[in-house]
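**Q** Residue 294 in full-length UniProt numbering sits at position 294 of the sequence shown, with consecutive numbering throughout. Before I ask anything, let me first share the structure, which is written out below as structure tokens.
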Amino acid sequence: MSESSGATMLEPHTPVHLSSTPHVITRGQGVTVWDADGREYLDGVAGLWCVTLGYSEPRLVEAATRQLERLPFYGSFNHRTNDVALALAEDIAEIAPIPMGRTFFANSGSEANDSAMKFAWYYHQALGRRQRRKILSHRCGYHGTTTAAASATGLSHIHAGFGAPLPGFVRVHCPDPLSPVARDLGPERFVDWLVQELEELIAEEGPETIAAFIGEPILGAGGLIIPPEGYYQRVQEVLARHDILFIADEVITGFGRTGSMFGTTEFGLRPDLVTVAKGLSSAYLPISAVLVGERVCAALAEGSREFRTFGHGFTYSGHPVAAAVARETIAILRERDIPGRVRAAGTVLANALDKFRGADGIRDVRSYGLLGAVEVDPARFGVGTGQVGPAVLEAAAAEGLLLRAMGDTLVLAPPLVSSDDELERMVDRLATAYDRFRRGRPGAAE
1 MSESSGATML
11 EPHTPVHLSS
21 TPHVITRGQG
31 VTVWDADGRE
41 YLDGVAGLWC
51 VTLGYSEPRL
61 VEAATRQLER
71 LPFYGSFNHR
81 TNDVALALAE
91 DIAEIAPIPM
101 GRTFFANSGS
111 EANDSAMKFA
121 WYYHQALGRR
131 QRRKILSHRC
141 GYHGTTTAAA
151 SATGLSHIHA
161 GFGAPLPGFV
171 RVHCPDPLSP
181 VARDLGPERF
191 VDWLVQELEE
201 LIAEEGPETI
211 AAFIGEPILG
221 AGGLIIPPEG
231 YYQRVQEVLA
241 RHDILFIADE
251 VITGFGRTGS
261 MFGTTEFGLR
271 PDLVTVAKGL
281 SSAYLPISAV
291 LVGERVCAAL
301 AEGSREFRTF
311 GHGFTYSGHP
321 VAAAVARETI
331 AILRERDIPG
341 RVRAAGTVLA
351 NALDKFRGAD
361 GIRDVRSYGL
371 LGAVEVDPAR
381 FGVGTGQVGP
391 AVLEAAAAEG
401 LLLRAMGDTL
411 VLAPPLVSSD
421 DELERMVDRL
431 ATAYDRFRRG
441 RPGAAE
């Protein structure tokens with residue numbers, strides 16, 4: 001492969017003015033990847049939270065190859081589709097965390113979330129509620145970068161320069177147990193406060209104008225925030241009372257990440273629509289889905305009678321090769337009881353992360369399943385918010401570990417097939433990287 005400076009590629013989530021050559025990954029096996037210089041790394045974030053079954057899983061490679069040879073593509077428009085997409089929809093119906101109507105296929109988490117919001121609009125239109133257009137979401141939520149998904153996202157760096165968000169997207173307080181309000185009130189009163197804020201916001205906006213609320217069971221890109229116990233149950237009660245649909249964004253938590261097949265099941269949620277992506281194919285090919293519950297699906301059917309159309313879909317919806325890989329991914333998850341493995345491995349990860357508790361500059365350590373976070377207090381080191389994360393990422397790469405930083409929160413989301421030893425080595429390398437950063441700051445404690 002010829003060397004390239006990256007000057008011809010517009011990289012996602014990367015400042016365009018950067019002139020340096022990007023870090024190029026060229027090979028992967030298991031939970032390990034290699035870069036263009038032959039350097040080896042443990043992948044502590046599974047690509048982008050998504051390579052759940054590790055790199056080069058032969059069954060997924062074979063599934064793609066077989067399908068490429070048999071039928072590399074056929075679309076799903078106008079009541080004609082391919083057999084693999086239909087079979088995948090049946091597979092999903094067997095494991096779905098909600099009473100299912102149908103499954104809609106897309107290509108990314110952003111597309112799935114955009115689609116779910118459009119379905120919510122269509123639902124209310126079909127019921128004659130033409131004013132119900134507004135979408136509620138969290139200030140720290142992340143739902144993607146397509147137009148509606150970016151508007152539902154609460155992170156300012158997703159909006160900067162794009163004129164986003166669009167009107168009609170309204171945000172509620174982040175359910176962060178470490179927020180100043182949460183610390184002042186305590187867990188139970190904090191949930192009461194969050195629910196009261198939601199009630200007041202709905203009253204202010206007018207319930208007759210609100211279509212849906214979209215939320216993540218665990219808020220990923222917002223800093224791996226685990227909502228307090230009982231929060232979503234209370235939220236759902238409010239939404240149901242006002243007939244506001246609940247969309248569960250399971251792009252990160254779906255397919256085993258929490259120790260259950262779905263975070264919706266793990267946390268006892270009852271959404272109307274569920275969006276999934278990353279783990280659906282272990283990221284081997286782009287595919288996502290919206291799981292449409294019975295009630296919403298019935299309204300979509302009625303609406304299509306009235307409007308005489310359902311004008312939504314993508315050329316690659318239900319792509320047969322991606323669907324074949326997704327079917328094999330689900331088969332592996334079930335046959336090998338990967339969610340059960342995650343429950344055991346989650347204990348290993350949590351125990352390994354305990355070494356950070358009480359360490360100099362550490363604000364919090366938290367984990368759930370195979371999601372782990374170490375939150376650093378930048379003030380301890382005399383730097384601004386968001387400066388610790390990039391510095392530790394660089395130090396971690398030097399130690400042979402790739403991970404993510406959300407501001408000053410260092411996040412691990414390794415492949416679900418990581419061994420106990422690999423998980424412990426990831427945390428050890430993170431600890432070494434953090435110690436290197438810490439010792440390089442003036443006034444650091446020994």
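Cβ coordinates follow ideal geometry from the N, Cα and C atoms, glycine included. All values reported here derive from a predicted model rather than from experimental measurement.
Are the beta-carbon atoms of Glu-250 and Val-276 separated by less than 7 Å?
**A** Walking along the sequence shown from the start, residue 250 turns up at place 250. Walking along the sequence shown from the start, residue 276 turns up at place 276. The Cβ-Cβ distance between Glu-250 and Val-276 falls below 7 Å.
**Q** Any idea if His-23 is buried or exposed, counting beta-carbon neighbours within 10 angstroms, 16 or more meaning buried?
**A** As a first step, residue 23 must be located in the sequence shown, where it is residue number 23. Classification for His-23: exposed.
**Q** How many whole angstroms separate the CB atoms of Ala-85 and Phe-105, which I take to be in contact at a CB cut-off of 8 Å?
**A** Along the sequence shown, read from residue 1 onward, the residue named residue 85 stands at position 85. Along the sequence shown, read from residue 1 onward, the residue named residue 105 stands at position 105. Correct: roughly 6 Å between the Cβ atoms.
**Q** Tell whether a beta-carbon distance below 7 Å holds between Gln-131 and Glu-208.
**A** Here residue 131 corresponds to residue number 131 of the sequence shown, with the count starting at 1. Here residue 208 corresponds to residue number 208 of the sequence shown, with the count starting at 1. Cβ distance < 7 Å, so Gln-131 and Glu-208 count as in contact.
**Q** Quick one: Cα of Asn-107 to Cα of Val-195, how far?
**A** Taking the sequence shown and counting its residues from 1, one reaches residue 107 at position 107. Taking the sequence shown and counting its residues from 1, one reaches residue 195 at position 195. Approximately 34 Å, taken between the alpha carbons.
**Q** Are the segment 365-381 and the segment 251-260 touching by the rule of at least three beta carbon pairs closer than 8 Å?
**A** Counting Cβ pairs under 8 Å, three or more are found: they touch.
**Q** Span of the alpha helix (DSSP H) holding Ile-247?
**A** In the sequence shown, the residue the question calls residue 247 occupies position 247. That residue, Ile-247, is in no alpha helix (DSSP H); its beta strand (DSSP E) goes 245-249.
**Q** Would you mind reading off the limits of the alpha helix (DSSP H) that contains Leu-60?
**A** Position 60 of the sequence shown, counting from 1, holds the residue named residue 60. First-last of the alpha helix (DSSP H) with Leu-60: 58-70.
**Q** Is it true that the CB of Gly-75 sits closer than 7 Å to the CB of Leu-402?
**A** Looking up residue 402 in the sequence shown gives position 402. Looking up residue 75 in the sequence shown gives position 75. Cβ distance not < 7 Å, so Leu-402 and Gly-75 don't count as in contact.
**Q** Any idea what DSSP makes of Tyr-284, helix, strand or coil?
**A** The sequence position of residue 284 within the sequence shown is 284, counting from 1. In the three-state reduction of the DSSP assignment, Tyr-284 falls in the coil class.
**Q** So who's on the other strand from Glu-364, going by DSSP bridges?
**A** Taking the first residue of the sequence shown as position 1, residue 364 is located at position 364. The question names Glu, but residue 364 in the sequence shown is Asp. According to DSSP, which records beta bridges pairwise, Asp-364 is partnered with Glu-375.
**Q** Which residue or residues does DSSP assign as beta-bridge partners of Ile-210?
**A** Taking the sequence shown and counting its residues from 1, one reaches residue 210 at position 210. Lys-134, per the DSSP bridge assignment.
**Q** For the segment 214-222 against the segment 355-362, do three or more pairs of beta-carbon atoms, one drawn from each stretch, fall closer than 8 Å, so that the two count as touching?
**A** no
**Q** Going straight from the alpha carbon of Val-238 to that of Pro-187, what length do you get?
**A** By one-based count along the sequence shown, residue 238 stands at place 238. By one-based count along the sequence shown, residue 187 stands at place 187. Roughly 19 Å between the two C-alpha positions.
**Q** DSSP three-state call for Ile-98: helix, strand or coil?
**A** One-based indexing of the sequence shown puts residue 98 at position 98. Coil, per DSSP.
**Q** Given 8 Å as the limit, is there contact between the segment 265-284 and the segment 306-318, that is, 3 or more CB pairs closer than that?
**A** no
**Q** Going by C-alpha distance, which of Gly-30, His-138, Ala-64, Asp-37 is nearest Pro-286?
**A** By 1-based counting over the sequence shown, the position of residue 286 is 286. Comparing Cα positions, the closest option is Ala-64.
**Q** Taking buried to mean at least 16 other C-beta atoms within 10 Å of its own C-beta, is His-138 buried or exposed?
**A** Here residue 138 refers to the residue found at position 138 of the sequence shown. His-138 is buried by the Cβ-count criterion.
**Q** Please work out which residues of its chain come closer than 8 Å, Cβ to Cβ, to Ala-93, disregarding the five sequence neighbours upstream and downstream, and give them in chain order.
**A** Within the sequence shown, the letter at position 93 stands for residue 93. Contacts found: Met-100, Thr-103.
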